[in-house]
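Protein chains in written order, with my numbering: chain A, 72 to 190; chain B, -10 to 146; chain C, 85 to 238.
Notes for the one structure printed next.
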Amino acid sequence: MLNYQPALDQVYAALADPTRRAMVERLSHGPVSVSDLAQPFAMSLPAVLQHLQVLEGSGLIRSEKQGRVRTCRLEPKALQEAEDWIARRRSLWMRRLDRLGDFLAAEEKTKRPRNKDRK
Amino acid sequence: MTDTRERSAAHTTFTLERDYPVAPARVFAAFADSQARHRWFVHEEGWKLTEYDFDFRVGGRETGRFSQKGIAVYTQEALYYDIQPANRIVFAYSMKRDADLISTSLVTIVLQPAGATGTKLVFTEQGAFLDGLDQASEREAGWNDLLDRLGREVGGG
Amino acid sequence: MTQHSTQHATFVIERDYDAAPARVFRAFADLDAKRQWFTGPAEWGPDEHAMDFRIGGRETNSGGPKDGPVHRFEALYWDIVENQRIVYTYEMYLDDARISVSLSTIELKPKGKGTAFRITEQAVHLDGHDSPEQREEGTRGILEQLADALKRGA
C-alpha cells in the first residue's frame, strides 16, 4: 500500500513559503533559468538555491544544467495521479467547508425560525 | 433524544500479504463461490450462524449474524463496490456487537499472478473503529487468521 | 485488457465553526440546507441531488462541467449519531467509470458555543481513470487550498 500523505505534506511545506510560492507561480508560465528566477528576489544566490532545493525535494520542480545555465521547470507529473486525486478531494472539501461556514453564518444572521415555512 | 455516550472514531489502515501456490482465478473462486466461502470465511468453530445472505455482485450485499455461546451477537454487513474476476474485490463492511456499531471499513483485495502458477494477495483494510468498542489490532489478527484459512482452502498445504 | 490499479490514501480536515453542533449536523441532515453548500465548482451547472438521510439510506449527487464528464457521487450511510457523527461510504464516477470508493467519518464536538468539525476520508483510487486536465486541476487545487489555508492563518 502506498500512503501519499507524506509526499503531499512535503508539497504543502514547500509551498508554505511566499518566496517559493512566487517561484512556482513564475514557473507555471514556463521554464526559467536560475538567475532569471532569482532576479525579482532581494536575496543572495545561495538563499535562492536553498529555496529551489526545497522545491525540487518536494517534486514540484525539476532543474537541468545545460552548459553554464541551470534551468528550472514545473514538474506537475511529480504529483502522482493518486496524490492529485486525493488533493482534489481534499480541496473540494476545503471549499465546501468554507461554503458550509458561510451558510451557517448567513443562517445565523437571518435568525430564521427553524420551522417557519419557506415561500 | 440526547446521546450521552462518549463518541470516538479511531481511523486505521492495515495491509496483509499472502502468497498462495495456486492461480488468481482459484483464489478468487474461494471468495466468489458460496460453498468455498462458507468453509474458510463463514463457518467458525464455537460460533452459531443465525442468519446468512450472500449476493456476490457489484451492488450486492453479504449479511452474517453470528452468536458466540450466548454472550454476544455479531452482525457483519457488507456491500460490494467493485469485482474484477481473478483480480480485485472492493467492499465496505460494518460490524455490530448486539445493537452497537463497532466499526465500518473499506477493504481492497488485490490478486496478482506470482511466479509461474501462484498468486500474491494484498489485503488492505481502511477502517473507522468506533467508540472504543473494537480495536484495529484485533481486526488485523482476525484477518490474518482468515487468510491462513483461505490458504488451506485453496490447497496451499 | 484493462490494467487494474489501486492506490490508497487518507486525509483529515478540521474546522471550527461558531454554530452549535446541532446546526452543523442539520446542514448535513437536511437536503435543502445541504444543497446550499455541498456543490461542485462554481463554473459547473446545476446538479442533481437526492438524499435519504438515515442509516442504510442513500445519497446521490451528479453534475459536472458543461462539456462533461458527469461527476457522480453515490453514498450509503452506515452510522448516524445525531449532532455527533456521520459515517458513510461513497463511490465517485466519471461518466460510467468508477474512479474511487471512500469511507468518510464526520465528527462534531462542542467547542465553546460552536463546533469542532472533523472529516476523515479513507479512500481507494481505482484504475487511474483521471485525465491530464484533471491532473492539472489537481495541482491548481493544491495551490488554491494552500492559499486558503494561509489566509486562515494555518
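Beta carbons are placed, not taken as given, at the ideal position from N, Cα and C, and that holds for glycine.
Below 7 Å between beta carbons: does that hold for W128 of chain C and P153 of chain C? Your numbering for residue 128 of chain C matches position 44 in the third sequence. Your numbering for residue 153 of chain C matches position 69 in the third sequence. Not a contact, by the Cβ cut-off of 7 Å.
Taking only the alpha-carbon atoms, compute the straight-line gap between R236 of chain C and E51 of chain B and give it to the nearest angstrom. On the third sequence, residue 236 of chain C is found 152 positions in, with the first residue counted as 1. On the second sequence, residue 51 of chain B is found 62 positions in, with the first residue counted as 1. Below a pLDDT of 50, predicted positions are generally treated as unreliable, and R236 of chain C, at 49, falls in that range; the measurement from the model is reported next regardless. Taking the straight line joining both Cα atoms gives about 45 Å.
E127 of chain A versus chain C: which residues are under 7 Å apart at the beta carbon? Taking the first residue of the first sequence as 1, we reach residue 127 of chain A at position 56. The contact set of E127 of chain A on chain C, defined by CB atoms closer than 7 Å, is empty, because the minimum CB distance reaches about 16 Å.
Which residues of chain B have a Cβ atom closer than 9 Å to the Cβ of E191 of chain C, listed in chain order? Here residue 191 of chain C is taken as the residue at index 107 of the third sequence, counted from 1. Per Cβ cutoff of 9 Å: R(-4), S(-3) and A(-2).
Distance, A109 of chain A Cα to V111 of chain B Cα: By 1-based counting over the second sequence, the position of residue 111 of chain B is 122. By 1-based counting over the first sequence, the position of residue 109 of chain A is 38. Approximately 47 Å between the Cα atoms of the pair.
Which residue wins for smallest C-alpha separation from P13 of chain B, given the options B:Y82, B:G116 and B:G107? If you number the second sequence from 1, residue 13 of chain B lands on position 24. The shortest Cα separation from P13 of chain B among B:Y82, B:G116 and B:G107 belongs to B:G107.
Please classify K118 of chain C as buried or exposed, where buried requires at least 16 neighbouring CB atoms within 10 angstroms. The residue given as residue 118 of chain C occupies position 34 in the third sequence. The C-beta of K118 of chain C has 16 or more other C-beta atoms within 10 Å across all chains shown, which makes the residue buried.
Would the region 132 to 149 of chain A and the region 118 to 133 of chain B be scored as touching if the rule is three or more Cβ pairs under 8 Å? The region 132 to 149 of chain A makes no contact with the region 118 to 133 of chain B: fewer than 3 CB pairs, one atom from each, lie closer than 8 Å.
Please tell me whether H155 of chain C has its Cβ less than 7 Å away from any Cβ of chain B. Numbered from its first residue, the third sequence carries residue 155 of chain C at position 71. It does not; no Cβ of chain B falls within 7 Å.
Can you list, in chain order, the residues of the region 164 to 177 of chain A whose Cβ is nearer than 9 Å to any Cβ on chain C? Within the region 164 to 177 of chain A, the residues whose Cβ lies closer than 9 Å to any Cβ of chain C are, in chain order, W164, M165, R166, R167, L168, D169, R170, L171, G172, D173, F174, L175, A176 and A177.
Are L122 of chain B and D89 of chain B closer than 7 Å when you measure CB to CB? In the second sequence, residue 122 of chain B corresponds to position 133, counting from 1. In the second sequence, residue 89 of chain B corresponds to position 100, counting from 1. It is a contact, given that the beta carbons lie within the stated cut-off.
Test: I164 of chain C CB closer than 7 Å to a CB of chain A: By 1-based counting over the third sequence, the position of residue 164 of chain C is 80. Answer no: the Cβ-Cβ gap between I164 of chain C and chain A never drops below 7 Å.
Give a yes or no on whether 7 Å exceeds the smallest Cβ distance from R144 of chain A to chain C. Here residue 144 of chain A corresponds to residue number 73 of the first sequence, with the count starting at 1. Judged by the 7 Å Cβ criterion, R144 of chain A is not in contact with chain C.
Pull up the CB-CB distance for D70 of chain B and V185 of chain C, whole angstroms please, since I reckon it's below 8 Å. Within the second sequence, numbered from 1, the residue matching residue 70 of chain B stands at position 81. Within the third sequence, numbered from 1, the residue matching residue 185 of chain C stands at position 101. First, the amino acid is wrong: residue 70 of chain B is Tyr here, not Asp. With 8 Å as the limit, Y70 of chain B and V185 of chain C qualify as a contact, their Cβ atoms being about 5 Å apart.
Measuring alpha carbon to alpha carbon, tell me which of B:T93, B:G53 and B:Y63 ends up nearest S23 of chain B. Within the second sequence, residue 23 of chain B is the residue found at index 34, counting from 1. Nearest C-alpha to S23 of chain B: B:G53.
Partner residues on chain C for D71 of chain B, Cβ-Cβ distance less than 8 Å: Taking the first residue of the second sequence as position 1, residue 71 of chain B is located at position 82. Below the 8 Å Cβ cutoff, chain C contributes R182, V185 and L210 as neighbours of D71 of chain B, in chain order.
Report back the beta-carbon spacing between Q120 of chain C and Q115 of chain B to the nearest angstrom; my notes put them in contact at under 8 Å. Residue mapping note: residue 120 of chain C aligns to position 36 of the third sequence, counting from 1. Residue mapping note: residue 115 of chain B aligns to position 126 of the second sequence, counting from 1. Taking 8 Å as the upper bound for CB-CB distance, Q120 of chain C and Q115 of chain B are not in contact here, some 30 Å apart.
Listing by chain order, which chain B residues have their CB less than 7 Å from the CB of Q171 of chain C? Along the third sequence, one-based indexing puts residue 171 of chain C at 87. With the sequence shown as reference, residue 171 of chain C is identified as Val, and Gln is not the correct amino acid for it. Against chain B, the beta carbon of V171 of chain C has neighbours under 7 Å at T93 and A117, listed in chain order.
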